[in-house]
Amino acid sequence: MMFKKAMQRIGNGILKENPIFVLLLGMCATLAVTTSAINGLGMGLSTMAVLVASNGLISLLRKIIPAGVRMPAYIVIIATFVTIVQLVLQAYVPRLYTSLGIFIPLIVVNCIILGRAEAYASTHPVALALCDGVGMGLGFTLALAIIGLVREFFGSGSAFGIPVMPDWYEPVAILVMAPGAFFVLAILAALQNKWHAPSATNKKHDSDLACGGHCADCAGCTAAANHAQVAEQTAENVRKLAEEKKQAAARKKAAAEKPDEGGAPV
Amino acid sequence: MKTVFLTLLTTALINNVVLSQFLGLCPFLGVSKTVKTAAGMSGAVVFVITLSSALTSVLYDFVLVPLDVLYMETIVFILVIAALVQLVEMVLKKSIPGLYGALGVYLPLITTNCAVLGVSLTNVQSGHSFGMSVLSGFGTAVGFGVAILILAGLREKMQHNEVPHAFQGMPIVLATAGLMAIAFSGFSGLQF
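In the order they appear, the protein sequences are chains A and B. Residue numbers 1 to 266, in our numbering, belong to the letters of the first sequence in order. Residue numbers 1 to 192, in our numbering, belong to the letters of the second sequence in order.
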């Protein structure tokens, strides 16, 4: 039973709710580092390490962290693991560390990690949260590696750094440059639209992510932090409406009384 | 004066934060449906990035470096940015309600805008002084505003066009952003 549930979490992350292809989360890293398959793979695995560790710790602490300060607490936990991963990469894979550059510390603000912490790890037991982290992490890694492979294959005629295209092939250099990232993702999303594959771009779907998974619509992925504000504004609007109604009613009443006053002396 | 102008030009156009460095893509794609919301977002981003680059630069030079805890920069910066956004929100709400009304809803979204953390980290990594940090933070934020306003304008126009079925929604926006990135890459040919 437990095993089945665990496998289901992993499958969910890789296929059903793939963070990039289906949920469109974490776009910055996706577009920036996928100039080659190796970079994509490295970024994916680093993110996965942070995701699994933070999911595990947040799940362990889920009964201790008070609801009011959970966001700052999650951010501190995630930032700690990101720093660890950053130092490990710097020490053991310096080449990857240099080519990923600023995007390693920026794993902190990757919406996938905070999203999973809020939506899954904070309400589920440790083992399942770990599996969820592994599944989402694998889904992210796979997607980054695929985008990286496509860009590297057509953009520089190689795969994982090994030249594979024949000599006469002229690489489409724009694909490994900045605009190419947008084009490759646009074409991938268009193919998903064409085949009606589930994706945040073409389907109103219900995700158990805090923000509903609509990164394209939600304007910045901190819907979770934004909830309080939205509630406040709604309350304010309701209050204003009620006040207006009251005033309107009072005016009506006054208007109804006036003719009587005016009529009395005559 | 020349340095000031060059820094602003470099950060705003040549190394455009969205189109050549891929920072802050979530709001770039998410809040660019209409020019009005895009303008609100870019106002909030200019405000917060300029403040946060000043603050993180001071913290780095006078706290992290003397204490020799440079490895704490990611943790410290993200916490400072999160706190700063909250603080700015409260101060604006109390003292400048007009500005709060215009930027209020966008402020909480900025905490996880990777451009903010990205600018702070780039500043300290390239060893900018305080003035330079503020300047390049401001320039970067203006670059974000320029990019998101152009995209929003294009998207408003595109609503009246017949987009092929497969490209409706996000794909056409991504393709538009790609074309904008080509246009902006032209700036890198500027010579001084």
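Built from N, CA and C at the ideal position, the CB exists for glycine as well.
Selection from the options that minimises the alpha carbon distance to residue i
i, options, result
"B/S188", "B/A38, B/K2, B/L8, B/L13", "B/L13"
"A/N18", "A/D167, A/F140, A/V150, A/A173", "A/F140"
"A/G13", "A/W195, A/P163, A/Y120", "A/Y120"
"A/Y74", "A/Y97, A/V150, A/V50", "A/V50"
"A/D132", "A/M27, A/V22, A/A53", "A/A53"
"B/T7", "B/A141, B/H160, B/G186, B/A166", "B/A141"
"B/T74", "B/G98, B/Q125, B/P66, B/T34", "B/Q125"
"A/L175", "A/A189, A/A190, A/R151", "A/R151"
"B/V80", "B/L99, B/L55, B/I96, B/V65", "B/L55"
"B/F184", "B/L151, B/E162, B/F167, B/V163", "B/L151"
"B/M41", "B/L179, B/A102, B/G139, B/F138", "B/A102"
"A/T34", "A/L130, A/H124, A/L144", "A/L144"
"B/I110", "B/F130, B/A175, B/M132, B/F144", "B/F144"
"B/A82", "B/Y60, B/Y71, B/S52, B/F47", "B/S52"
"A/S283", "A/R62, A/M71, A/L96", "With chain A represented from 1 up to 266, any question about residue 283 of chain A goes unanswered, as that position is not in the structure."
"A/I58", "A/G180, A/M48, A/M71, A/S46", "A/M71"
"A/V22", "A/V85, A/L142, A/A255, A/F154", "A/L142"
Beta-bridge partners of residue i, as assigned by DSSP
i, result
"A/P163", "A/S158"
Residue interval of the alpha helix (DSSP H) (run including residue i)
i, result
"A/Q90", "70–92"
"B/A83", "73–95"
"A/I112", "111–116"
"A/V172", "That residue, A/V172, is in no alpha helix (DSSP H); it is neither H nor E in DSSP."
"B/I110", "107–110"
"A/P179", "178–194"
"A/I10", "2–11"
"A/I58", "37–60"
"B/K2", "2–9"
"A/I20", "Neither: A/I20 is in no alpha helix (DSSP H) and is coded neither H nor E."
"B/I49", "35–59"
"B/F28", "25–30"
"B/V18", "Premise fails: B/V18 is in no alpha helix (DSSP H) and is neither H nor E."
"B/G118", "114–125"
"A/T30", "27–33"
Entirely within the stretch 142–170 of chain B and at least 3 residues each: give me those beta strand (DSSP E) ranges in chain order. none
Original post:
Do three or more CB pairs link the stretch 93–113 of chain A to the stretch 59–79 of chain A at distances below 8 Å?
Top reply: yes
State whether the stretch 161–178 of chain A contacts the stretch 82–100 of chain A, with contact taken as three or more CB pairs (one from each stretch) at a distance under 8 Å.
no
Practice task
Pair every Cβ in the stretch 116–130 of chain B with every Cβ in the stretch 13–33 of chain B, then say whether three or more of these pairs are closer than 8 Å.
Solution key: yes
Is there contact here, the stretch 109–117 of chain A with the stretch 144–163 of chain A, by at least three beta-carbon pairs under 8 Å?
-> no
Self-check item: Stretch-stretch touch, CB-based, cutoff 8 Å, three pairs: the stretch 83–100 of chain B with the stretch 145–161 of chain B
Solution: no
- Item | Sufficient close CB pairs (3 or more, under 8 Å) joining the stretch 168–184 of chain B to the stretch 186–196 of chain A | yes
query: With a cut-off of 8 Å, do at least 3 Cβ pairs link the stretch 245–252 of chain A to the stretch 53–67 of chain A?
result: no
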